[in-house]
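Colleague: Chains as they are written, first to last, in the working numbering: chain F, 215 to 767; chain R, 31 to 269; chain E, -11 to 166.
Note that CB positions come from ideal geometry on N, CA and C, so glycine has one too.
Just passing along the structure, written as structure tokens.
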Amino acid sequence: MMIERFEEITTEEQTAVAEHDHTVKVCVAAGCLSSQSDQVLDALKNGVGEHRGCHVKGVGCMGLCSQGPLVAVESKTGAKSGSVMYQNVKAEDAPDIIQSLGKKPVARLELKTNVPFFQRQTKIVLENCGEIDPERIEEYIAVEGYQGLLTAVTELSPIEVIDEIVRSGLRGRGGGGYPTGLKWTTVAKMDGPTKYVICNADEGDPGAFMDRSVLESDPHRVLEGMAIAGYAVGATEGYIYVRGEYPLAVERLKIAIRQANRLGVLGSKVCGTTFDFNVHIRLGAGAFVCGEETALIASIEGKRGTPRPRPPYPAEYGLWGKPTLINNVETFANVPAIVRKGGAWYAGIGTEKSKGTKVFALAGSIQNTGLIEVPMGMSLREIIFEIGGGVPNGNCKAVQTGGPSGGCIPADYFDTPVDYESLKALGSIMGSGGMIIMDDSSSMVDVARYFMEFCMTESCGKCVPCRVGTVHMHTLLNKIYKGEARRHDLETLEKLCDLVMNTSLCGLGQTAPNPVLSTLRYFRHEYMDLLVDGAEDGRGATAVDAQLLEAQS
Amino acid sequence: MKRQTQARIITLKIDGVDVAAREHETILELAQENNIFIPTLCHLDGLSEYGGCRICVVEVKGSNRLFPACMTPATEGMEVITNSERLRLYRFSILDMLFSERNHVCSVCVSNGHCDLQYLSAKLGMTRVEVPYLNPKVDVDASHEHFIMDHNRCILCQRCVRVCGEIEGAFTKGVMGRGVNTRIIHDLNGAWGDSDTCTSCGKCVNVCPTGALVEKGKSAGEMVKRRDWLPYLRLMQED
Amino acid sequence: MSEKAKLATVWLDGCSGCHMSFLDIDERILAVAELADLVYSPLVDLKVFPEMVDVTLVEGAVSSEEDYHKIQKVRAHTKVLVSLGDCAVTANVPGMRNPFKVQDILNRAYLENADLNQHIPVEVIPPLRKTSVPVHQVVEVDVFVPGCPPSADTIFYVLTELLAGRKPVMLGKTRFGI
Chain F
215 MMIERFEEIT
225 TEEQTAVAEH
235 DHTVKVCVAA
245 GCLSSQSDQV
255 LDALKNGVGE
265 HRGCHVKGVG
275 CMGLCSQGPL
285 VAVESKTGAK
295 SGSVMYQNVK
305 AEDAPDIIQS
315 LGKKPVARLE
325 LKTNVPFFQR
335 QTKIVLENCG
345 EIDPERIEEY
355 IAVEGYQGLL
365 TAVTELSPIE
375 VIDEIVRSGL
385 RGRGGGGYPT
395 GLKWTTVAKM
405 DGPTKYVICN
415 ADEGDPGAFM
425 DRSVLESDPH
435 RVLEGMAIAG
445 YAVGATEGYI
455 YVRGEYPLAV
465 ERLKIAIRQA
475 NRLGVLGSKV
485 CGTTFDFNVH
495 IRLGAGAFVC
505 GEETALIASI
515 EGKRGTPRPR
525 PPYPAEYGLW
535 GKPTLINNVE
545 TFANVPAIVR
555 KGGAWYAGIG
565 TEKSKGTKVF
575 ALAGSIQNTG
585 LIEVPMGMSL
595 REIIFEIGGG
605 VPNGNCKAVQ
615 TGGPSGGCIP
625 ADYFDTPVDY
635 ESLKALGSIM
645 GSGGMIIMDD
655 SSSMVDVARY
665 FMEFCMTESC
675 GKCVPCRVGT
685 VHMHTLLNKI
695 YKGEARRHDL
705 ETLEKLCDLV
715 MNTSLCGLGQ
725 TAPNPVLSTL
735 RYFRHEYMDL
745 LVDGAEDGRG
755 ATAVDAQLLE
765 AQS
Chain R
31 MKRQTQARII
41 TLKIDGVDVA
51 AREHETILEL
61 AQENNIFIPT
71 LCHLDGLSEY
81 GGCRICVVEV
91 KGSNRLFPAC
101 MTPATEGMEV
111 ITNSERLRLY
121 RFSILDMLFS
131 ERNHVCSVCV
141 SNGHCDLQYL
151 SAKLGMTRVE
161 VPYLNPKVDV
171 DASHEHFIMD
181 HNRCILCQRC
191 VRVCGEIEGA
201 FTKGVMGRGV
211 NTRIIHDLNG
221 AWGDSDTCTS
231 CGKCVNVCPT
241 GALVEKGKSA
251 GEMVKRRDWL
261 PYLRLMQED
Chain E
-11 MSEKAKLATV
-1 WLDGCSGCHM
9 SFLDIDERIL
19 AVAELADLVY
29 SPLVDLKVFP
39 EMVDVTLVEG
49 AVSSEEDYHK
59 IQKVRAHTKV
69 LVSLGDCAVT
79 ANVPGMRNPF
89 KVQDILNRAY
99 LENADLNQHI
109 PVEVIPPLRK
119 TSVPVHQVVE
129 VDVFVPGCPP
139 SADTIFYVLT
149 ELLAGRKPVM
159 LGKTRFGI
């Protein structure tokens, strides 16, 4: 029986932990790895060779990426029991850290953890990030991993699982905020026998690294969520569409899938039941539009990654024409906890319409660059100034949320609670969770220009308004930024925004004007200031027959 | 859209006119049956729908969104508007986008007088392109024995790609690149004349709406495209 | 002082085909002459654009520095400016050089393809601008008459409507290319 096997593993893990007085955790997620945390890990491992009672391991993201490589030490004995965190650790620091075990911590490296960045977060999706070794399924199981799946497949009917998700109020974390329970219900009601579950891990927003961290730090969590979803909607095959730029995430997912299959929590006869669930990885080739569900499906099918008009929605006509459930990484990562602790528990967190927590990637002009998870409804001010530690230089001017589909929210509106509806009302979106903070040295026209350039180069070329409209918009923004534009150029820009927003085929095109529209809404004066002095406009400055002009339109 | 033999019949309004439809029929099919003009470019009877040109977008009462008529199935009680001022302006803008994207010089084009893009611009009463021209430097592939592919005139409607794969089954034509750098290619981006898969059937030339695909040696007066065979071939395929 | 309206025609970068088409209205030119005086035109021996003109027909794209300055002067002294023909409306054939660099075009025309006297003229000939553009990309245009060239009937219709103080309706009258 699987449950006994789980208990056995948990006991083994706990015994192993109990044997060690100190556990040294080194972050080996992409952020810290890029500042050579692998060397730190090696140095520590070699260093503790003779130090008995100390266990060194690599773990996932601890959140404060700007201070990496991060190392956490947990001690049960000695003068300093409890946990200590170190920042900016180099391989040369390893002997000092080992020396200090059980004694006073190394002061020059110590990172204070009694600060809002650590204290104000509520971790559900990230609960195991920075705690467990992402490459060992045993550690995941020791922290109640796969318990949700086991409960689902052995004790609950698919409908009961869906009910639990509906009760939780979970909404899609990829940006749209579509109720997850409703999506699951729709797919579950479709005729089988073949259905698919797809995990969208094609995270492409500039400055966003939430899904990447989750996959690198806790891959089993996503697999468990997918398997529960597969059980609930009646699918036996799952696909994870990961962007090719995330090699580490792919590697850890592969390891995770292999371990899960071997243990019997994935593959045929999941947890000894009659439910089969196989997970496959598909790699993206660097196209932003493949994060759009219909383009993603086309890409998995081996076709050119371009979207198609909806309806029919993937729930009805998805991968290879079969009913398909497609959710984002973070959405799936929420599922195990919901099944384990109940939908009502989850619904108790967050606001009335936006339940649970949301992971955000803080980037840009902010003290604490990194990954955070907060309950829905926390204000932007708390996120940016308390958890984020504020802006290092100058004043905070605005925050950009939602990536190229989102908008800029000026500092005046920072008391707005972060939930789907409030952000939408401000002309931005929740998006997948990227937050780029800008100080007063940023030109908002430049920001709009940057995002337009992104949309222009990432347009798939299928529909005319997005393909050509974004180029014209980018040209105009360039012209405005260089101070060569006139008022009628601004009018043309607004007209193009309207065209692209209303006539484009997919979400990428329809939301491409958002960065322009939101900066125009809150920072119109920055645009106006850059226009060539409007007094003597070369066009129409002369006496043109007013009647004729009026008649022409 | 595949027709069912025993389709449900529904009723709806297009521009205030009551029309009856089989379920699964698209707004465009219905409009054409009822002689209501909806401009189209990427659509062609006999090919799968593509939904890329966006010129056929229509309004549906009760929704703020616009729907491509070619791919939106009719539903019971729907009220479709195909000719509002808002749509007229969007259609002008979409033509603006197309004319400004590549180098469309009607006066010296071999398809002058037989071009869907030119025809539509006149039919809708377009007199100018409002946005600046992008003036891209694009190639002409004249390597094929009989045909020419002039990318200057291409609007990327992909009729050629579809007819090549869906009807001829050759899959010679394909697409490469993104955004405005998207190009129609032959095989793995080789010269058309070197293609081993091209059967020289000329279907792509005949479905091309503009002067992007033309026959060599023909004058503007002779370069007439025939498409009446297409629905029959599709019908034969389905049977 | 004449009560008649003042009419002008301007020839920028075009082939003069639109002017030819204008002349193709044949005897109807007398009807136009009843309504307006032709005060400035390639067909009129006057070197300075008049103070104020009621209707100016512009043929040709804006290609050279001369075109660029001339059209602004014309705009400033015209009540109703008409873009006549595809070159004025779309840049048409003059615009076909736009994907290339000016220097490459000059090299091609005056050096590579010249049999005799290979040199790029620098005097008298106005320098080319980076691109040839439609008139309305430089100044405000009131009426657009596409066509290469627009037919004599179309031109006559546009002129008589404008001179009668009405705005011509172009739908169904003409199109790009013809």
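Here's the rule: buried if 16 or more other CB atoms are within 10 angstroms of the residue's CB, otherwise exposed. What is R:His73?
Modeller: By the beta-carbon neighbour count (other beta carbons within 10 angstroms, threshold 16), R:His73 is buried.
Colleague: Assuming F:Leu384 and F:Ile552 form a contact by the criterion Cβ under 8 Å, report the distance between their Cβ atoms to the nearest whole angstrom.
Modeller: 7 Å
Colleague: Can you pull the chain E residues whose beta carbon is under 9 Å from the beta carbon of R:Gly232, in chain order?
Modeller: Ordered by position in chain E, no residue passes the 9 Å Cβ test against R:Gly232, which lies about 24 Å from the chain.
Colleague: Under a CB-based cut-off of 7 Å, is F:Val730 close to chain R?
Modeller: no
Colleague: Along the stretch 74 to 86 of chain E, where does the CB come closer than 8 Å to a CB of chain R? Name the residues.
Modeller: Asp74, Val77, Thr78, Ala79, Asn80, Val81, Gly83, Met84 and Asn86
Colleague: Name the chain R residues whose beta carbon is nearer than 7 Å to that of E:Leu159?
Modeller: Gly155
Colleague: Quick one: Cα of F:Val771 to Cα of F:Arg554, how far?
Modeller: One cannot answer for residue 771 of chain F here, as it falls past the ends of chain F, which runs 215 to 767.
Colleague: Over what stretch of residues does the beta strand (DSSP E) that includes F:Ile651 continue unbroken?
Modeller: Looking at the DSSP string, the run of the beta strand (DSSP E) that includes F:Ile651 is Gly648 to Asp653.
Colleague: Touching or not, the stretch 40 to 53 of chain E and the stretch -5 to 9 of chain E, by the rule of three or more beta carbon pairs under 8 Å?
Modeller: yes
Colleague: Suppose you measure from the CA of F:Ala547 to the CA of F:Val339; what does that come to, to the nearest Å?
Modeller: 6 Å
Colleague: Give the list of continuous alpha helix (DSSP H) stretches no shorter than 4 residues that lie fully inside the stretch 60 to 133 of chain E.
Modeller: List check, alpha helix (DSSP H) in window: 74 to 78 and 90 to 94.
Colleague: Which residue's Cα is closest to the Cα of F:Tyr354: F:Gln313, F:Glu221, F:Ala446 and F:Val401?
Modeller: That would be F:Glu221, whose Cα lies nearest to the Cα of F:Tyr354.
Colleague: Could you please tell me which residues of the stretch 96 to 121 of chain R, in chain order, have their CB closer than 7 Å to any CB of chain F?
Modeller: Leu96, Pro98, Met101 and Tyr120
Colleague: So the candidates are F:Tyr445, F:Cys413, F:Asn342 and F:Ala474; which of them puts its Cα closest to the Cα of F:Glu374?
Modeller: F:Tyr445
Colleague: Could you pull the DSSP bridge partners for F:Ser593 from this structure?
Modeller: F:Pro631
Colleague: Express the C-alpha separation of R:Ile40 and E:Gly160 in angstroms, rounding to a whole number.
Modeller: Rounded to whole angstroms, E:Gly160 to R:Ile40 spans 37 Å at the Cα level.
Colleague: Are the CB atoms of F:Ala577 and F:Gly421 nearer to each other than 7 Å?
Modeller: yes
Colleague: Alpha carbon to alpha carbon, how far is R:Ala61 from R:Glu160?
Modeller: Take the alpha-carbon of R:Ala61 and the one of R:Glu160: they are about 30 Å apart.
Colleague: Let me confirm a value: F:Ser767 is counted as buried when at least 16 other C-beta atoms fall within 10 Å, else exposed. Which label applies?
Modeller: Bear in mind that a pLDDT of 35 at F:Ser767, under 50, signals an unreliable position, so the number given afterwards is only what the model happens to contain. In summary, F:Ser767 is exposed, with fewer than 16 beta-carbon neighbours lying within 10 Å of its beta-carbon over all protein chains present.
Colleague: Inspect the beta-carbon positions of F:Glu596 and F:Val573 and report whether they are closer than 7 Å.
Modeller: no
Colleague: What in chain R is Cβ-close to F:Asn716, meaning under 9 Å?
Modeller: In chain order: Val87, Asn94, Arg95, Leu96, Arg116 and Tyr120.
Colleague: Just list the residues that DSSP pairs R:Leu243 with in beta bridges.
Modeller: Under DSSP, R:Leu243 shares a beta bridge with R:Met179.
Colleague: Can you find a C-beta in chain E that's less than 7 Å from the C-beta of R:Cys72?
Modeller: no
Colleague: Please state if the CB of F:Asp432 and the CB of F:Gly274 are separated by a distance shorter than 7 Å.
Modeller: yes
Colleague: Using a Cβ-Cβ distance cut-off of 7 Å, determine whether E:Ala(-7) contacts chain R.
Modeller: It does not: the Cβ of E:Ala(-7) has no partner Cβ on chain R nearer than 7 Å.
Colleague: What three-state label does DSSP hand R:Met127 in the structure shown?
Modeller: helix
Colleague: Drop a sphere of 10 angstroms on the beta-carbon of F:Ser568, count the other beta-carbons inside from all chains shown, and report buried for 16 or more, exposed for fewer.
Modeller: buried
Colleague: Pick out whichever of F:Gly316, F:Gly263, F:Asp256 and F:Lys239 has its Cα sitting closest to the Cα of F:Met299.
Modeller: F:Lys239
Colleague: Expressed to the nearest angstrom, what Euclidean distance is found between the alpha-carbon atoms of F:Thr365 and F:Gln581?
Modeller: Roughly 42 Å between the two C-alpha positions.
Colleague: In its own chain, which residues sit with a C-beta less than 7 Å from the C-beta of F:Asp419, not counting the 5 before and 5 after it?
Modeller: Within the same chain, F:Asp419 has close Cβ partners Gly617, Pro618, Gly645, Ser646 and Gly648.
Colleague: Is the CB-CB distance between F:Arg518 and R:Val205 below 7 Å?
Modeller: Yes.
Colleague: Do the stretch 253 to 267 of chain R and the stretch 12 to 29 of chain E make contact, defined as three or more Cβ pairs closer than 8 Å?
Modeller: no
Colleague: If you reduce the DSSP assignment to three classes, tell me which class R:Pro103 lands in.
Modeller: strand
Colleague: Taking the beta strand (DSSP E) that E:Ile17 falls in, what are its first and last residues?
Modeller: That residue, E:Ile17, is in no beta strand (DSSP E); its alpha helix (DSSP H) goes Arg16 to Leu23.
Colleague: What are the residues of the stretch 114 to 134 of chain E that lie near chain R, defined by any Cβ-Cβ distance shorter than 9 Å?
Modeller: Thr119, Val121, Pro122, His124, Gln125, Val129, Val131, Phe132, Val133 and Pro134
Colleague: If you measure beta-carbon to beta-carbon, which residues of the stretch 508 to 537 of chain F are closer than 7 Å to chain R?
Modeller: Arg518, Arg522 and Pro523
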